[in-house]
Amino acid sequence: MSTQRKAVALISGGLDSMLAAKVIMEQGIHVEGINFFTGFCVEGHTHAIRKRDRARPKRNNALWVAEQLGIKLHIIDVIEEYKQVVLNPRHGYGQNLNPCLDCKGFMVARAYEWIREHGFDFIITGEVMGQRPMSQRRDTLPVIQKESGAGDLLLRPLCAKHLPPTLPEREGWVDRDKLLDFSGRSRKPQMALAAKYGFEDYAQPAGGCCFLTDAAYSAKLADLWRARGRRDYDLDDIMLLKVGRHIRPAPHFKLIVGREEGENNFLEGYRKRFPHLRCVSHPGPLVLVDGEPGAADLELAARIAARYSQGRTAPAVTLELNLPGGESRELTVAPLPPAEIPEDWHV
Amino acid sequence: MSRHTLDARRILCPLPVIRTQDRVAELAPGDVLEVRATDPGALNDIPAWCRINGHRVLEARQADGEVIVVIQVGETDG
């Protein structure tokens, strides 16, 4: 009797990894999913924060994919370890602060560690040669195998026929003839395969599943590093970059202005850690002040906060300024006219 | 069988799911875990995680701005 072979599939929540897992399950392999939470995942957070997004059906796509496939999913918190990937990527960044090649190498290395701990035989990813991002080029696919340590225990079912046979193929655990030869940016082969398997309603995230591929988000992260004079972050930093309007009038402080009720509620959770402003004479946003603001800076912050309140055209707006430690006072200011908020203050 | 609680408030998905997963791994089959979260996504995500990993959802509801999910740990190897 042959041994039941076991594979772990990197499940992002997108279509490719879903198909890759299915192709291998069809060959009688026991497959379980693994999903890494880096803190930069688009999945979930903004849906949870912004009120306008709350009307949309909410689901975690990785869990949804696992449920469609009927496999277990292990979600691993890698926030701390992932910092070295973001801060010091050996292969550099893509168009924004996306370290895609190092990221994939990191995830495969973690999956390799996981299969050794859990007695699994090999790793599956949904990579397709020639598809974006840069980690899926012909010359970068072997780099991931090598640097992750997984070597030929890493099988890419969707483009395996373009690659040398891996151990699972050579050993006959999987039939290479039933693997695929997808390449390039066309999504048609994936869509046809999804239709064959009866998969509908799968996620097609525009711009990928990582905030680091987003130009606006990357600009905010770069601004944070510049302002602090060091490249570092914690989870709260990267969460706050996903929320609100960020306005930096000077290198030593910036404002985070809630844009709607959901964001204001989210920012409420941080109010004890930051000086913050709240309009009392008019409805208005909650505004956090990050950095080292002096008294004049807080007055300017109040004028900017007033500009985003419903009293923006009033001669004066009263706000409550709260400082960490409990001190609180009222400020009455003239809202700063939009023309006096230079474009380059918007991060 | 014993009853446990997990505070997963003020964190956003998927962290409530990860905290639930890590806590369930420490419990015995039959144990009951009550999870409280503030991210409304947890109302769908924690039950979905339970379904795919073989745990039983005894209750999943929203009350006073919180999500409460009560789980009975299944016979599973994780």
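Protein sequence lines correspond, in order, to chains A and B. Per this note's numbering, the first sequence starts with residue 59, numbered consecutively. Per this note's numbering, the second sequence starts with residue 124, numbered consecutively. Glycine residues also receive a C-beta, built at the ideal position from the N, C-alpha and C atoms. Given the structure is predicted, the values throughout are model-derived calculations rather than measurements.
Secondary structure of residue i, DSSP reduced to three states
i: residue 341/A; result: coil
i: residue 234/A; result: helix
i: residue 140/B; result: helix
i: residue 72/A; result: strand
i: residue 209/A; result: helix
i: residue 181/B; result: strand
i: residue 126/B; result: strand
i: residue 390/A; result: strand
i: residue 269/A; result: helix
i: residue 396/A; result: helix
i: residue 264/A; result: The pLDDT assigned to residue 264/A is 49, lower than 50, so where the model puts this residue is not dependable; a value taken from the coordinates is nonetheless given after this. Three-state result, residue 264/A: coil.
i: residue 197/B; result: coil
i: residue 23/A; result: Nothing can be reported for residue 23/A: it is not among the residues displayed for chain A, which extend from 59 to 405.
i: residue 202/A; result: helix
i: residue 146/B; result: helix
i: residue 130/A; result: coil
i: residue 405/A; result: coil
Same chain, Cβ closer than 7 Å to residue i, neighbours up to 5 away in sequence not counted
i: residue 158/A; result: 152, 191, 192, 193
i: residue 286/A; result: none
i: residue 209/A; result: 203
Limits of the beta strand (DSSP E) - the one that residue i falls within
i: residue 163/A; result: Here residue 163/A belongs to no beta strand (DSSP E); instead the alpha helix (DSSP H) covers 158-176.
i: residue 84/A; result: Careful: residue 84/A lies outside any beta strand (DSSP E) and carries neither H nor E.
i: residue 126/A; result: Careful: residue 126/A lies outside any beta strand (DSSP E), inside the alpha helix (DSSP H) at 119-127.
i: residue 220/A; result: Segment: none, residue 220/A is in no beta strand (DSSP E) and carries neither H nor E.
i: residue 95/A; result: 88-95
i: residue 380/A; result: 375-380
i: residue 157/B; result: 155-160
i: residue 180/A; result: 180-182
Delimiting residues of the alpha helix (DSSP H) encompassing residue i
i: residue 176/B; result: 165-176
i: residue 137/A; result: 137-145
i: residue 248/A; result: 246-255
i: residue 227/A; result: 225-228
Beta carbon proximity, residue i to chain C, threshold 8 Å
i: residue 133/A; result: Reference to chain C is not applicable here, since the protein chains of this structure are A and B.
Cutoff 8 Å; reference residue i; Cβ partners in own chain excluding five residues on either side
i: residue 95/A; result: 133, 134, 135, 136, 137
i: residue 369/A; result: 337, 339, 340, 342, 375, 393
Contacting residues, own chain, Cβ-Cβ under 6 Å from residue i (five flanking each side not counted)
i: residue 232/A; result: 85, 226
Taking a Cβ distance cut-off of 8 Å, strictly less, list which residues of the stretch 314-343 of chain A are near chain B, in chain order.
-> 327
Using Cβ-Cβ distances below 7 Å, what residues of the stretch 153-182 of chain B are close to chain A?
-> Those residues of the stretch 153-182 of chain B that come within reach of chain A (Cβ to Cβ, closer than 7 Å) are 162, 163, 164, 167, 168, 171, 172, 174, 175, 176.
Run through the stretch 285-371 of chain A for me and flag every whole alpha helix (DSSP H) of 4 or more residues, listed as ranges in chain order.
-> 293-298, 319-326, 353-365
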